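My numbering puts the sequence shown at residues 599 to 701. Here a beta-carbon is modelled for each residue, glycine too, at the ideal position from N, C-alpha and C. This structure is a prediction, so every number in the text was calculated from the model and none was measured.
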Amino acid sequence: MELRGKQKRFLRSQAHHLQPIFQIGKGGLNSAMVVQINEALEKRELIKVTLLQNTDEIAEDVAVALKADIHCDIVQIIGRVLVLFKPSSNEKYQKISKEVKAI
599 MELRGKQKRF LRSQAHHLQP IFQIGKGGLN SAMVVQINEA LEKRELIKVT LLQNTDEIAE
659 DVAVALKADI HCDIVQIIGR VLVLFKPSSN EKYQKISKEV KAI
């Protein structure tokens, strides 16, 4: 399901106060990091990922790779910060996704 404009706007407002919990550095995006990002999305649904100055990765490329690997939605890319959203499959963690569906 592709996010609509109002849904993305809501998610951006929710992500505004979040601190990035993943940093992609010199090693780039590896499979272990993809697994960790997927697990974090399962619990939180909405996370920020930062690309450090010393990485050769490009934010848009990382976003495309993550979208392909873990089927998450890219809410926003600002400079070196990605905001990712993926509805949790666990009922207990589905706080944000329920609000998004209502929009």
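Contact between the region 642 to 655 and the region 672 to 688: three or more CB pairs below 8 Å?
-> Under the three-pair Cβ rule at 8 Å, the region 642 to 655 counts as touching the region 672 to 688.
Span of the alpha helix (DSSP H) around D659 = Taken as a continuous stretch (DSSP letters only), the alpha helix (DSSP H) holding D659 covers 657 to 668.
Other residues of its chain near K604: CB distance less than 6 Å, five sequence neighbours each side excluded = Around K604: I701.
Enumerate, from N- to C-terminal direction, the unbroken alpha helix (DSSP H) stretches of 4 or more residues contained entirely within the region 611 to 657.
-> Complete alpha helix (DSSP H) runs here, min 4: 629 to 642.
Return helix, strand or coil for L680, following the three-state DSSP convention.
-> Three-state DSSP puts L680 in a strand.
Start and end residues, alpha helix (DSSP H) containing K699 = For K699, the enclosing alpha helix (DSSP H) covers residues 693 to 700.
Whole-angstrom C-beta distance between Q612 and I694, which should lie under 8 Å | The pair is a contact, with the Cβ atoms about 6 Å apart (cut-off 8 Å).
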